[in-house]
Amino acid sequence: MSDRGAFTPPQHLPAWSALTAHARRLADRPLSTLFANDPDRASRFTRIFENPTELDQTALIVDFSKQQFDDEILADLIGLARDARLSEGIHGLFHGEAVNFTEKRAASHMSMRGGCPPPPGSETDTRAMRTFAFDLREGLLTGSTGKTIHHLINLGIGGSDLGPRLAVEALADPRGNIVGGIELARVDFVANVDPREFDTVLAHADAASTLFVISSKSFNTPETLANAEAARQWLRAQLGEDIDIGEHFAAVSNALEAAVAFGVRPDRVFPLPDWVGGRYSVWSSIGLPLLVAIGGMFDDFLVGGRIIDDHFRLTPFEQNLPVWLGLIGLWNSSFLGIQSVAALPYAHGLRSFPGWLQQLEMESNGKHVLRDGSRTEADTAPIIWGAAGTIGQHAFHQLLYQGTRKVALDFIVPVGEDGDLRQRILVDNALAQAAALMAGRDLDAARATLTRRNLPAAEIEQLAPHLVCEGNQPSTTIMLPRLDPFHLGALLALYEHKVFVQAWIWGINPFDQYGVEHGKEIARALASGKVGEQDDSTAQLARLAEEFRQRMR
Ligand code: F6P
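Following the numbering used here, the numbering of the sequence shown begins with 4 at its first residue and continues without gaps.
Structure (structure tokens):
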């Protein structure tokens with residue numbers, strides 16, 4: 004989405020009308036009939052990404068065959084990508100062009116993992132951050148009392164929390180960070196301005212051995228600054244008013260002066276380039292907590308991202324995983340009218356993946372204004388939600404089976420080692436859910452199920468409709484050999500580029516977030532007591548909240 008070249012809204016591209024016709028043709032066709040008529044469907048619509056590095060044999064398997072499309076649609080989707088000159092977009096993204104066209108800058112987060120050069124004249128040096136992280140990890144830093152720092156608490160929100168939190172949950176050893184008998188630093192996160200999260204994390208923290216990292220690119224995010232202030236007060240309350248507060252803080256931020264004014268030592272303020280957006284920043288200094296948690300394996304995480312960069316940049320659309328993911332998602336959203344996508348990672352370590360994906364997709368592509376300032380005619384980003392399997396099976400899968408809404412599903416399935424039966428149960432469940440949600444159960448099958456229970460005929464007739472599952476929920480299954488730094492890096496980069504593909508074709512800027520600013524302005528107004536400026540409902544609620552506060556004083 005660089006500023007070069009004329010922009011054509013996607014509906015005016017030749018392939019768009021062909022796809023609209025396909026949607027009418029195929030929308031109601033049961034998914035299982037697509038398989039029945041096509042014995043090679045499963046293998047033809049599964050992309051196996053061979054890993055070119057030494058780190059593993061096979062990196063990712065992505066099975067698209069349970070999505071509602073066929074060869075003709077695929078050809079026209081790829082035609083749409085060509086009509087939209089997606090190759091130009093990819094070239095611009097990797098060559099430092101101003102793809103973030105509203106803020107007039109590049110989006111070169113891939114350079115933090117070696118996937119592209121940094122924009123000219125803006126090389127970054129993460130050596131100081133890395134040295135600091137390794138010293139912290141290995142217990143070489145002391146706090147104001149001389150005690151070793153053993154605990155890092157990250158204070159940040161949005162992109163300054165979700166990426167590192169997800170990666171630490173996925174990759175840090177859950178039994179504690181002990182390597183070679185040495186206990187390494189523990190890592191925790193506080194994002195919410197609700198004091199309960201702060202209190203929960205700090206309940207077992209020892210102030211003398213705790214260091215807070217204020218992660219805020221802008222150093223201007225009210226929630227993070229409020230938590231940083233609470234941390235400063237907590238340290239003083241625990242260790243005394245006259246402690247050297249700088250021994251217990253570091254910051255990841257571009258606002259050096261503001262961080263230093265807060266009390267962070269200048270040599271502990273680690274910047275990240277302007278052209279790394281918050282939700283794309285886990286690869287940068289924002290990844291400091293991950294570096295502390297997993298040490299040198301952080302580099303495998305970067306390699307995982309980088310091989311997807313190379314794949315995305317160099318692979319023809321017909322074989323290109325992010326292009327397929329982007330096109331199928333766009334097909335579901337803009338042509339089939341599917342408004343909702345459930346991210347279903349079958350891994351406890353990926354429990355925060357849906358939250359990370361929400362920010363990535365919804366903050367990036369939850370927009371309606373196109374590059375030429377017009378309003379989009381197509382639906383853009385869907386609503387992303389989800390939870391780790393099998394937890395969600397016992398909560399919301401009922402609606403997926405028998406509700407009234409079409410939901411597209413992304414199953415993320417790390418296969419894992421063969422040693423524990425529970426791991427196998429997990430994987431079997433993921434595959435079973437994808438299969439059952441596609442196939443459904445018709446009335447005859449429902450009757451047969453009840454017949455096997457030896458129920459009286461009248462009861463079978465009465466009950467059978469309640470057992471019917473309409474099926475046809477489309478899904479993509481992404482299978483990884485295991486959840487390790489390399490594969491997590493590859494997975495996250497895959498989705499990052501998927502978002503770019505969609506944004507480029509829709510004609511929106513995935514790298515700004517002006518909408519979010521709007522709510523922040525009203526919160527600021529309320530905080531400064533400007534209650535009367537709001538609508539009557541909001542003004543009334545603000546007054547009532549104040550009354551509650553007064554009564555509780
Ligand atoms: O929610 C808006 C946002 O700007 C996100 O894009 C960003 O990840 C988050 O706030 C945190 O911003 P910062 O790192 O500047 O505190």
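Quick reminder that beta carbons are idealized off the backbone N, C-alpha and C, glycines included.
| Item | Value |
| --- | --- |
| Given Phe356, which residues of its chain have a CB within under 7 Å of its CB, disregarding the five upstream and five downstream residues? | Leu169, Ala346, Pro348 and Ile415 |
| Closest to Arg627 by C-alpha separation, out of Asp138, Gly124 and Pro123, would be which residue? | Summary: the structure shown does not reach residue 627, with the chain confined to residues 4 through 556, and so no result is reported for it. |
| Is Arg554 near the ligand F6P, judged by its Cβ being under 7 Å from some heavy atom? | no |
| Can you tell which of Arg527, Pro33, Ser111 and Asp202 has the C-alpha that lies nearest to the C-alpha of Gln71? | Pro33 |
| Taking contact to mean 3 or more Cβ pairs, one atom from each stretch, closer than 8 Å, check whether the region 220-236 and the region 108-124 are in contact. | no |
| Does DSSP put Glu75 in a helix, in a strand, or in coil? | helix |
| State the DSSP-derived secondary structure class of Pro417, mapped to helix, strand or coil. | strand |
| Roughly how many whole angstroms lie between the Cα atoms of Asp176 and Ala296? | 8 Å |
| Going by the C-beta, is Val519 closer than 7 Å to any heavy atom of the ligand F6P? | yes |
| Given Asp445, which residues of its chain have a CB within under 7 Å of its CB, disregarding the five upstream and five downstream residues? | Val471 |
| Could you round the C-beta distance between Leu16 and Leu83 to whole angstroms and report it? I think they count as a contact, below 8 Å. | 6 Å |
| Per DSSP, which one or two residues make a beta bridge with Asn103? | Arg108 |
| So, is Met555 buried or exposed, given that buried needs 16 or more other C-beta atoms within 10 angstroms? | exposed |
| CB of Lys409 to nearest heavy atom of the ligand F6P: below 7 Å? | no |
| Does the beta-carbon of Arg168, which I'm using as the reference point, lie nearer than 7 Å to any heavy atom of the ligand F6P? | no |
| Less than 6 Å between C-beta atoms, sequence neighbours within five positions excluded: which residues of the same chain meet that for His153? | Ala188 and Ser212 |
| Considering Val267, what are the terminal residues of the beta strand (DSSP E) in which it resides? | Careful: Val267 lies outside any beta strand (DSSP E) and carries neither H nor E. |
| With H, G and I counted as helix, E and B as strand and the rest as coil, what does DSSP make of Ala528? | helix |
| What three-state label does DSSP hand Trp388 in the structure shown? | strand |
| How long is the line joining the alpha carbons of Ser343 and Gln236, rounded to whole angstroms? | 43 Å |
| Can you say whether Glu232 is buried or exposed, counting buried as having 16 or more other CB atoms within 10 angstroms of its CB? | exposed |
| Between the region 300-312 and the region 378-388, do three or more beta carbon pairs fall short of 8 Å? | no |
| State buried or exposed for Glu499, treating a residue as buried only when at least 16 other CB atoms are found within 10 Å of its CB. | buried |
| Whole beta strand (DSSP E) runs in the region 417-490 with 3 or more residues, listed along the chain? | 478-483 |
| Take Leu37 as the anchor and find which of Pro477, Val519, Ala542 and Ile463 has the nearest alpha-carbon. | Pro477 |
| Here's the rule: buried if 16 or more other CB atoms are within 10 angstroms of the residue's CB, otherwise exposed. What is Glu550? | exposed |
| Is His397 buried or exposed, if buried means 16 or more other CB atoms sit within 10 Å of its CB? | exposed |
| Using CA atoms only, rank isn't needed, just tell me which of Val193, Ala210 and Gly510 is closest to Val102. | Gly510 |
| Taking Ala506 and Ser367 to be in contact with their CB atoms under 8 Å, please state how far apart those CB atoms are, rounded to whole angstroms. | 7 Å |
| Quick one: any contact between the region 478-493 and the region 94-110, if contact means 3 or more CB pairs under 8 Å? | no |
| Could you give the DSSP three-state label for Thr224: helix, strand or coil? | coil |
| Do you know offhand how far Ser163's Cα is from Ala390's? | 21 Å |
| CB-CB under 7 Å to His251, same chain, minus the five flanking residues each way: which ones, in chain order? | Gly146, Ser147, Thr213, Leu214, Phe215 and Leu238 |
| Whole angstroms is fine: what's the gap from Ser35's alpha carbon to Ala437's? | 12 Å |
| To the nearest angstrom, how far is it from the Cα of Asp202 to the Cα of Trp327? | 44 Å |
| If you reduce the DSSP assignment to three classes, tell me which class Val255 lands in. | strand |
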